[in-house]
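Student: Okay, here's the structure, questions in a sec.
Take a look at the structure:
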């Protein structure tokens, strides 16, 4: 075989191998995409089912508001829902219409639970304020350009929730377009992110864990 034929044969072999590898990559990519899509569909249905369960629990707790901190059971369910939504958001992207719809449904559930927690604080705890029964509304943006410290603020709130299980934290995407979020935002004059409404007092800007604890301590001293 002369050099010219050998070079042609070699080029054809490389081309054939390239096509095989490329084709294999497409097949694997399509399989992974399909698998991920099916996982998302299953998770979406799970969220819808859990949402219905949360609605029922909400109605049950309304009739037994002061019997222990039963509202916490619902708070845990909401936290699980938020984690699942965050996973789906990372999978489908923040601009997905399906994600926006699911998030807005979640914000409605959060708002209902928040009103229940506020009512319990007023009717069962005589409005007592301390770090263990603090209620926080957290307004954030998924756009790092708009809010470079929102993810950090979210981590701080997760830490506080784990340290003080009685604390109730509700997160709202300020850019969601949700009418419920817009009403609450306007009610408390939240004009920036990260925005925190701590026991009905508004603060705009990042607060670390110690700052939030001190904020609540000052509120406690002021109400005593």
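In my numbering, the protein residues as written are 665 to 888. The beta carbon of each residue, even a glycine, is placed where N, CA and C say it ideally should be.
1. Does DSSP put residue 865 in a helix, in a strand, or in coil?
2. Using DSSP with H/G/I as helix, E/B as strand and the rest coil, what is residue 838?
3. Can at least three beta-carbon pairs, one atom from the region 766 to 775 and one from the region 843 to 854, be found at a separation below 8 Å?
4. Short check: CB of residue 863 to CB of residue 817, under 8 Å?
5. If you compare alpha carbons, which of 870, 881, 748 is closest to residue 814?
6. Between which two residues does the alpha helix (DSSP H) harbouring residue 773 extend?
7. Is residue 749 helix, strand or coil by DSSP?
8. Could you pull out every residue in the same chain whose Cβ sits closer than 6 Å to the Cβ of residue 874, ignoring the five residues on either side in sequence?
9. How many angstroms separate the CA atom of residue 857 from the CA atom of residue 877?
10. Rounded C-beta distance between residue 796 and residue 830? I'm assuming under 8 Å.
Tutor: In this structure, then:
1. Indexing the chain shown from 1 puts residue 865 at position 201. In this structure, residue 865 counts as strand in the three-state DSSP scheme.
2. Along the chain shown, read from residue 1 onward, the residue named residue 838 stands at position 174. Reduced to three states, the DSSP call for residue 838 is coil.
3. yes
4. The residue given as residue 863 occupies position 199 in the chain shown. The residue given as residue 817 occupies position 153 in the chain shown. Not a contact, by the Cβ cut-off of 8 Å.
5. Looking up residue 814 in the chain shown gives position 150. Among 870, 881, 748, the Cα nearest to that of residue 814 belongs to 870.
6. Taking the chain shown and counting its residues from 1, the one referred to as residue 773 is at position 109. That run of the alpha helix (DSSP H) goes 761 to 788.
7. Sequence index remark: in the chain shown, residue 749 carries index 85 (1-based). Residue state, collapsed to three classes: helix.
8. The residue you call residue 874 lines up with position 210 of the chain shown. Here the set comprises nothing.
9. Mapped onto the chain shown, residue 857 falls at position 193. Mapped onto the chain shown, residue 877 falls at position 213. Taking the straight line from one Cα to the other gives about 19 Å.
10. Taking the first residue of the chain shown as 1, we reach residue 796 at position 132. Taking the first residue of the chain shown as 1, we reach residue 830 at position 166. Correct: roughly 4 Å between the Cβ atoms.
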